[in-house]
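For reference, the structure is listed below as structure tokens.
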DNA sequence: GCGAAACTGTCGCTTATCCGACGAAACGGA
DNA sequence: TCCGTTTCGTCGGATAAGCGACAGTTTCGC
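Residue numbers (the working numbering), protein chains in the order written: chain Z, 1 to 186; chain B, 1001 to 1186.
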């Protein structure tokens, strides 16, 4: 029996898979050397051994590429430790928070950059919100995402060498118990 | 001004370069896991993320691929240390011999194999002979190649963990001084 | 300011790769 | 031996990638 129409449509040309991987790896490689701002599409195409026109066949510009890159990487990282299977909310958020901080830490080498950092944070936050939607309402998921990503980005700038555990534990505590329990004594 | 006919002919399509590298890397990778004999063209194509038909567009069969692979690798290795610039024959052959033994050592992980070993030795010897042709007559170059490759392959099987230096020095001594000086006392 | 150089998107045409299929050959177990 | 399976080498048609060129924009040294 031959392949069905659905199967034929679902399967992607291996050339496409390979080219996209080459382009993504190229950007990752370049981000280890230069700031995102200073990287041109030509740079990426050269590093990927791919024609510049081919780049545009896959991504509208370098920002779209960065977006896809971060989105996939953070999604993969979020799945680690099976946080959605955690017994209670506190341990689930602890795992998620640890993953976010670990993800941020793994991009420490990326130059601070006018374009990079905002997109990095925004995309990470959006992905985290999506990830939390099965467990929380939309508003709650956004709040949690903002809190975690915000503190992670702050940690990246302020004290990236300090241990993330106490910060994560603190944030999770506030989120779970409510701000009232964490209010300063009068 | 546009590119000349010669330039146009000389420059190869980047896809060709990339595909050939993928295929070669795939074989190297597979040789670290299986014997050459047990590796099919399909295996190589899969590992290289390349279609099987594409493989045949570049190499007539897996033996031709292995041949090209060894030829290039050994040629690169032979150039190390600039042996052709050495002041005297003895030091030149010492460098060449060391390179050959190092090359053999770097392929220790390759499984012993009915097909692999003979081709490995033959191709290595042919390349070495070519390499020596500017410095020696054809017959002499072949003799040196046979001696070095033969002892290297023997070393590979007998005592691959022992140091190659004394063996190389010994072979070179015999080649340079002549067998007479190395004849056993009556 | 000004001109050179680099970058950006986009286009039509060429070419290498992908795919499915084919018969032939090699191999191995019943 | 015979038959099922795998591999081989090759083919024609479909498609993604390469190429050079183009006008428009930004960048940067003078």
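The beta-carbon is built from N, C-alpha and C at its ideal position, and this holds for glycine as well.
Nearest to residue i by alpha carbon, out of the options?
i                       : options                           : result
residue 1152 of chain B : B:1038, B:1140 and B:1167         : B:1167
residue 118 of chain Z  : Z:128, Z:93 and Z:150             : Z:150
residue 1054 of chain B : Z:58, Z:14, Z:69 and Z:64         : Z:14
residue 47 of chain Z   : Z:63, Z:64 and Z:29               : Z:29
residue 1173 of chain B : B:1083, B:1134, B:1032 and B:1091 : B:1091
residue 83 of chain Z   : Z:110, Z:132 and Z:49             : Z:132
residue 85 of chain Z   : Z:134, Z:110 and Z:61             : Z:134
Which residue comes first and which comes last in the alpha helix (DSSP H) that contains residue i?
i                       : result
residue 193 of chain Z  : Look at the range of chain Z in this structure, 1 to 186, and you will see that residue 193 of chain Z is not part of it.
residue 139 of chain Z  : 138-158
residue 1060 of chain B : Run containing residue 1060 of chain B: none; DSSP gives neither H nor E here.
residue 21 of chain Z   : 14-31
residue 1096 of chain B : 1089-1105
residue 1166 of chain B : 1165-1177
residue 1130 of chain B : 1116-1132
How many Å lie between residue i and residue j at the Cα?
i                       : j                       : result
residue 1056 of chain B : residue 1024 of chain B : 13 Å
residue 1026 of chain B : residue 1108 of chain B : 18 Å
residue 1008 of chain B : residue 59 of chain Z   : Low confidence applies to residue 1008 of chain B: its pLDDT is 41, below 50, so where it sits in the model is not reliable, and the reading given next is rough at best. If I take the Cα positions, the gap works out to 30 Å.
residue 130 of chain Z  : residue 81 of chain Z   : 17 Å
residue 169 of chain Z  : residue 180 of chain Z  : 17 Å
residue 1051 of chain B : residue 1019 of chain B : 10 Å
residue 165 of chain Z  : residue 17 of chain Z   : 37 Å
residue 1065 of chain B : residue 1022 of chain B : 12 Å
residue 171 of chain Z  : residue 88 of chain Z   : 16 Å
residue 12 of chain Z   : residue 178 of chain Z  : 47 Å
residue 100 of chain Z  : residue 1033 of chain B : 36 Å
residue 1140 of chain B : residue 1156 of chain B : 24 Å
residue 62 of chain Z   : residue 77 of chain Z   : 22 Å
residue 1142 of chain B : residue 1039 of chain B : 32 Å
residue 1049 of chain B : residue 79 of chain Z   : 27 Å
Once you ignore the five residues that flank residue i on each side, which residues in its own chain have a CB closer than 8 Å to its CB?
i                       : result
residue 1113 of chain B : 1035, 1036 and 1037
residue 69 of chain Z   : 24, 27 and 28
Excluding five sequence neighbours on each side, which residues of the same chain lie with their C-beta closer than 6 Å to the C-beta of residue i?
i                       : result
residue 127 of chain Z  : 71, 74 and 75
residue 125 of chain Z  : 145 and 149
residue 1136 of chain B : none
residue 138 of chain Z  : none
Under 7 Å Cβ to Cβ from residue i, same chain only, skipping five residues before and after it: list those, please.
i                       : result
residue 1067 of chain B : 1119 and 1123
residue 1175 of chain B : 1093, 1144 and 1147
residue 110 of chain Z  : 31 and 116
residue 1121 of chain B : 1149 and 1153
Inset, instruction - Count the C-beta pairs between the segment 154-164 of chain Z and the segment 98-114 of chain Z that are closer than 8 Å, then say yes if the count reaches three, no if not. - result: yes
Legend entry - Cβ contact (3+ pairs, closer than 8 Å) linking the segment 40-51 of chain Z and the segment 84-97 of chain Z: no
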